[in-house]
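Peer 1:
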Amino acid sequence: MDPVMHDAADVAARLGATGYLADDELATVLFLTMRMQRPLLLEGEPGTGKTALAEALAESLDLPLIRLQCYEGIDATQALYDWDFPRQILHLRALEAAGTDATAEEAEKSLYDERFLLARPVLAALQQSPAVLLIDEVDRADDEFEAFLLEVLSTWQVTIPELGTVSAATPPHVVLTSNRTRELHDALKRRCLYHWIDHPGLDREVAIVRSRAPEVAEALARQVVGVVQQLRDRDDLLKPPGVAETLDWARALTHLGTTHLDLATAAATLGALVKYREDADRVRQALDRMLTT
Numbered sequence: 121m122d123p124v125m126h127d128a129a130d131v132a133a134r135l136g137a138t139g140y141l142a143d144d145e146l147a148t149v150l151f152l153t154m155r156m157q158r159p160l161l162l163e164g165e166p167g168t169g170k171t172a173l174a175e176a177l178a179e180s181l182d183l184p185l186i187r188l189q190c191y192e193g194i195d196a197t198q199a200l201y202d203w204d205f206p207r208q209i210l211h212l213r214a215l216e217a218a219g220t221d222a223t224a225e226e227a228e229k230s231l232y233d234e235r236f237l238l239a240r241p242v243l244a245a246l247q248q249s250p251a252v253l254l255i256d257e258v259d260r261a262d263d264e265f266e267a268f269l270l271e272v273l274s275t276w277q278v279t280i281p282e283l284g285t286v287s288a289a290t291p292p293h294v295v296l297t298s299n300r301t302r303e304l305h306d307a308l309k310r311r312c313l314y315h316w317i318d319h320p321g322l323d324r325e326v327a328i329v330r331s332r333a334p335e336v337a338e339a340l341a342r343q344v345v346g347v348v349q350q351l352r353d354r355d356d357l358l359k360p361p362g363v364a365e366t367l368d369w370a371r372a373l374t375h376l377g378t379t380h381l382d383l384a385t386a387a388a389t390l391g392a393l394v395k396y397r398e399d400a401d402r403v404r405q406a407l408d409r410m411l412t413t
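Residue numbers (my numbering): 121 to 413.
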């Protein structure tokens, strides 16, 4: 049963119980998407918590999370359904071995039974709804796939020629994420409510670390976040660290028994924070200054 969220404060509280700290604007737009049964389009830099929001929403509602990871060249087949070809072949062989009197037409029809249907994420979400459907990194897909999504998100149903139309009794909660590697079409944006997720400020990011990784000492969390915030202000990094990297770094330091960030430990653990050699070199050169700021 899909529980009712009473207001934005209720949304924020339920998400907070999972460790996800949503600000007032995000909690409000998420509340509205559920009340209005509209998809939510989240854009923002990588690592700002877009995917994590869908995961937290599913956990807070005690609903299944069904994820569709988009990529270049994805088409409707990967999103909707496929037929289990090996099982269909075995079925045909079983019919032959049994020597049934089925006609070729009857045998062919029996191949397209629901038991041979492989539901991909979009179809699975319609079948299992209420559920949370995460359509991740939709900006990686092409225009044709966007048009397909628009149709499904408008009707909440898909047609399988061999079986008929599958409709969701209750529309799933849909979260689409985009890193804005390209602009999405206005038609898809109009179908959704929209929110841009920024990197959190210092105090909020410290609170996120303390919530998601309570084993990290507060003083260490504040030091780690202080360094990360300085790195995001730089314009020479290929990929500034997101919140996910902040959490990884804080946890890595804690695993080493660190309670106070020093230059040697910070330099030795940069692999948890930055993922390009050039960025690691630049950060390493600036660590001493950042730790004394």
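Just so you know, even glycine gets a beta-carbon here, dropped at the ideal spot from N, CA and C.
What you are looking at is a predicted structure, and each value in this text was computed from that prediction instead of being measured.
For D130 and E192, what's the separation of their Cα atoms in angstroms?
Peer 2: Here residue 130 refers to the residue found at position 10 when the sequence shown is read from its first residue. Here residue 192 refers to the residue found at position 72 when the sequence shown is read from its first residue. Distance between D130 and E192, taken at the CA atoms: about 37 Å.
Peer 1: Buried or exposed, going by whether 16 or more other CB atoms sit within 10 Å of the CB of D343?
Peer 2: Within the sequence shown, numbered from 1, the residue matching residue 343 stands at position 223. The amino acid at residue 343 is misidentified as Asp; the sequence shows Gln. With 16 or more Cβ atoms within 10 Å of its Cβ, Q343 is classed as buried.
Peer 1: Please classify G321: is it buried, with 16 or more other beta-carbons within 10 angstroms of its beta-carbon, or exposed?
Peer 2: Position 201 of the sequence shown, counting from 1, holds the residue named residue 321. Flag for G321 reads exposed.
Peer 1: Using a threshold of 9 Å, state whether the C-beta atoms of L254 and R155 are closer than that.
Peer 2: Position 134 of the sequence shown holds residue 254. Position 35 of the sequence shown holds residue 155. Contact annotation: L254 and R155 have beta-carbon atoms that are not nearer than 9 Å.
Peer 1: Looking only at its own chain, which residues have a Cβ that is under 8 Å from the Cβ of R441, when we skip the five neighbours before and after it?
Peer 2: There is no way to answer for residue 441, as the model of the chain reaches only from 121 to 413.
Peer 1: Spell out the partners DSSP gives T297 in its beta bridges.
Peer 2: Position 177 of the sequence shown, counting from 1, holds the residue named residue 297. DSSP output for T297 lists L162 as bridge partner(s).
Peer 1: Measure the Cβ-Cβ separation of L160 and L313 and say whether it is below 9 Å.
Peer 2: Position 40 of the sequence shown holds residue 160. Position 193 of the sequence shown holds residue 313. Contact annotation: L160 and L313 have beta-carbon atoms nearer than 9 Å.
Peer 1: Check whether the segment 392-405 and the segment 343-357 touch, using three or more Cβ-Cβ pairs below 8 Å as the test.
Peer 2: yes
Peer 1: Answer yes or no: do T297 and E163 have a C-beta to C-beta separation smaller than 9 Å?
Peer 2: Locating residue 297 in the sequence shown gives position 177, where the first residue counts as 1. Locating residue 163 in the sequence shown gives position 43, where the first residue counts as 1. Yes, they are a contact pair.
Peer 1: For V252 versus A178, is the C-beta spacing smaller than 9 Å?
Peer 2: Walking along the sequence shown from the start, residue 252 turns up at place 132. Walking along the sequence shown from the start, residue 178 turns up at place 58. Their beta carbons are under 9 Å apart, which means V252 touches A178 by this criterion.
Peer 1: Would you grab the beta carbon distance between A199 and R240 for me? Rounded to a whole angstrom, and I think it's under 8 Å.
Peer 2: Sequence index remark: in the sequence shown, residue 199 carries index 79 (1-based). Sequence index remark: in the sequence shown, residue 240 carries index 120 (1-based). Contact flag correct, Cβ pair sits at about 5 Å.
Peer 1: Go ahead and label R235 buried or exposed: buried means 16 or more other beta carbons lie within 10 angstroms of its beta carbon, across all protein chains shown.
Peer 2: Numbered from its first residue, the sequence shown carries residue 235 at position 115. Exposed, since its Cβ has fewer than 16 Cβ neighbours within 10 Å.
Peer 1: Would you report the Cα separation of E365 and K359, rounded to the nearest angstrom?
Peer 2: Sequence index remark: in the sequence shown, residue 365 carries index 245 (1-based). Sequence index remark: in the sequence shown, residue 359 carries index 239 (1-based). C-alpha separation (whole angstroms): 11 Å.
Peer 1: In angstroms, rounded to a whole number, what distance separates the CA positions of D204 and D233?
Peer 2: Here residue 204 corresponds to residue number 84 of the sequence shown, with the count starting at 1. Here residue 233 corresponds to residue number 113 of the sequence shown, with the count starting at 1. Rounded to whole angstroms, D204 to D233 spans 10 Å at the Cα level.
Peer 1: Can you tell me the Cα-Cα spacing of Q247 and V149, whole angstroms?
Peer 2: By 1-based counting over the sequence shown, the position of residue 247 is 127. By 1-based counting over the sequence shown, the position of residue 149 is 29. A direct Cα-Cα distance of roughly 26 Å separates Q247 from V149.
Peer 1: Within the segment 253-338, note down every full beta strand (DSSP E) run reaching 3 residues or more, in order along the chain.
Peer 2: As far as the segment 253-338 is concerned, its whole beta strand (DSSP E) runs of at least 3 residues are 277-280, 284-287, 293-298 and 313-317.
Peer 1: What three-state label does DSSP hand A196 in the structure shown?
Peer 2: Your numbering for residue 196 matches position 76 in the sequence shown. Three-state DSSP puts A196 in a helix.
Peer 1: Between the Cα of H293 and the Cα atoms of R260, M410, E325 and T153, which residue gives the shortest distance?
Peer 2: Position 173 of the sequence shown holds residue 293. For the residues R260, M410, E325 and T153, the minimum Cα distance to H293 belongs to T153.
Peer 1: Can you give me the C-alpha to C-alpha distance between L373 and R260, rounded to a whole angstrom?
Peer 2: Taking the sequence shown and counting its residues from 1, the one referred to as residue 373 is at position 253. Taking the sequence shown and counting its residues from 1, the one referred to as residue 260 is at position 140. Spanning the two alpha carbons is a distance of roughly 34 Å.
Peer 1: Which same chain residues, not among the five before or five after A128, have their C-beta less than 6 Å away from its C-beta?
Peer 2: Here the question's residue 128 lines up with position 8 in the sequence shown. For A128, where only same-chain residues beyond five positions count, the Cβ hits under 6 Å are A147, T148 and F151.
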